[in-house]
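A quick write-up on the structure given underneath.
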Amino acid sequence: MLLIMAAAALFLFRDHEQRCEEGIMIDFGDHTGEWVSVDSYGLDGRSVIEAACAEKDYAVIFDGDIVTSVNGTASSGDRTWDLWIWMPNSGWAKAGNPGSVTLSDDVYASLTLSYAGQEPLIPCADAMGKGIFSGTNDRIVSLSAVATEILCKVGNIDSLAAVDYYSNYPDEVVARGLVKEWGFYLTPPTAEGVAGYDPDLVVGEKDNHDDLLNALRGSGIRCLSLYKADTLETVYRNIWMIGAATGRIDEANAAILEMKEQLDELLGNANTDGLKGRTAAILMGNEWYVLAIGHGTFVYDVISRAGTVNVFDDAGWIRSPEYITTKVPDIVIFIADEDLGDTDIKALITATLPAWPHPDGDPWENVPLYYVAAEYGDMFLRAGPRILLALEGLINTGPI
């Protein structure tokens, strides 16, 4: 009995250490920043800010207790340096005066250059409220294809011990034999099975892997929960978070900057006349099913960057063929989630939605169809670094 109690105490202590590392985030906005490990427990916010800036050799300027400049980056009319505090079960709250705030062992602090009170872009905690900074990363297990792609993008492929069945990119992951016969939509992984790979870090996704990650944490294994992506900004946040968790912040910042430059270049040079301002029915599926994609989804957020307007007012994934046929869009975008070969896509959609979109005539007479093949459909389904290649494929393919 004594041994069991000691082991349980050890697990709780490990989780407590992981969740409450001392220090402060310095967030320069635009997903650039870093965690600075300094003594913080029991100190006021101003003292912690001064210690962190001294550690990084950053010049910091105060007006009273309010920060006005860090490392030469000053507040402006619409951007201010604010101290934000994250607390369990309540999230972020802005501290009015850093000097009047005392940091404890169950909060995170972020000195953030924010727009109009915007919360920190750089998280101190993962999607389940757990700390992301301390720990070794010699053996990493990835529970999802999204996590695998991001881990490899920021330089962790040599640390991967195992990845889920759907992790088919990059090719080297498959070539190394890291892919295992379990996955969220296949045979769900078990805590015992994952622990068998002796991981230092396990990376999963919010909602999909909550119970599993909690069980692993209870066994003293360090875990990271990615935010459920509904916008491109969430992808940036997940990339940065994995970089922070694996000691590769510079690589994560570089990956995010690369994506932003890629998006600017794509939208600056591509001909989006066929998409911009057009209402679109965005469909996804294969020969067995067709779904419509509504607002509040990652896929629509990315496609909307080209100026497309969703014809559906509803949020989420829309499954009712009867409802889909009530909308008449300017264009249709069909994203294949598997290789359809020589399948007639127009016939496939017409068979699934026989009365859509013009029940009294040829449904394709006036409605252009953009077909996104499975090569890019796979990227659309994964909120990872390759998503802008999928958008480029959509824009450059044009209607069929």
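Everything in the sequence shown is counted per our numbering, starting at 2 for the first residue and increasing by one.
By construction, the Cβ of each residue, glycine as well, lies at the ideal position given by its N, Cα and C atoms.
Less than 8 Å divides the Cβ of I388 from the Cβ of V236.
W87 and E56 have their C-alpha atoms roughly 22 Å apart. For D159, the closest alpha carbon among the candidates T149, D165, Y166 is that of T149. In this structure, DSSP gives N209 a state outside helix and strand, which the three-state scheme calls coil. Taking a C-beta distance under 8 Å as the contact criterion, A53 and V39 qualify as a contact pair. With distances taken between CA atoms, D165 lies nearest to A146 out of A176, A146, G178. Looking at W36, Y372, I240, C224, the one whose alpha-carbon comes closest to that of N138 is C224. Here W93 is near E120, since their CB atoms are less than 8 Å apart.
F381 and I250 have their C-alpha atoms roughly 25 Å apart.
Contact between L179 and L161 holds, with the beta-carbon distance rounding to 5 Å and staying under 8 Å.
About 19 Å separates the beta carbon of D315 from that of R279, a gap too long to meet the 8 Å contact definition.
Counting only runs of 4+ residues, no alpha helix (DSSP H) is found wholly inside the stretch 326 to 350. By the Cβ-count criterion, K277 is exposed, with fewer than 16 other Cβ atoms from all chains shown falling within 10 Å of its own Cβ. Separation of Y198 and Y167 (C-alpha to C-alpha, rounded to the nearest whole angstrom) is 18 Å.
Note on P89: under 16 other CB atoms within 10 angstroms of its CB, so exposed under the neighbour-count rule. Rounded to whole angstroms, the gap between the alpha carbons of V368 and I401 is 11 Å. Residue state for A316 is assigned as strand, using DSSP reduced to three classes.
In terms of CA proximity to G97, G118 leads the group Y377, T33, G118, I283. The beta-bridge partner set that DSSP reports for H296 consists of A316. In summary, A348 is exposed, with fewer than 16 beta-carbon neighbours lying within 10 Å of its beta-carbon over all protein chains present.
Remark: C-beta atoms of A256 and K154 approach each other more closely than 8 Å. Inter-residue distance for V174 and L258 is about 24 Å (C-alpha atoms, whole angstroms).
For W241, the uninterrupted alpha helix (DSSP H) run begins and ends at 233 to 246, by DSSP. In this structure, the CA atom of E288 is about 29 Å from the CA atom of H210. Rounded to the nearest whole angstrom, the CA to CA distance from L213 to P322 is 35 Å. In this structure, DSSP gives S76 a state outside helix and strand, which the three-state scheme calls coil.
Exposed is the label assigned to S77, since fewer than 16 other Cβ atoms lie within 10 Å of its Cβ. Within its own chain, the residues whose Cβ lies closer than 7 Å to the Cβ of V291, once the five positions on either side in sequence are excluded, are L284, I350, T353, L354, listed in chain order. Taking the C-beta atoms as reference points, A245 is found no nearer than 8 Å to F63. With fewer than 16 other CB atoms across the displayed protein chains lying within 10 angstroms of its CB, D361 is exposed. Assignment of P400 by DSSP, reduced to helix, strand and coil, places it in the strand class. Counting along the chain, no beta strand (DSSP E) covers M380; the unbroken alpha helix (DSSP H) around it starts and ends at 375 to 382.
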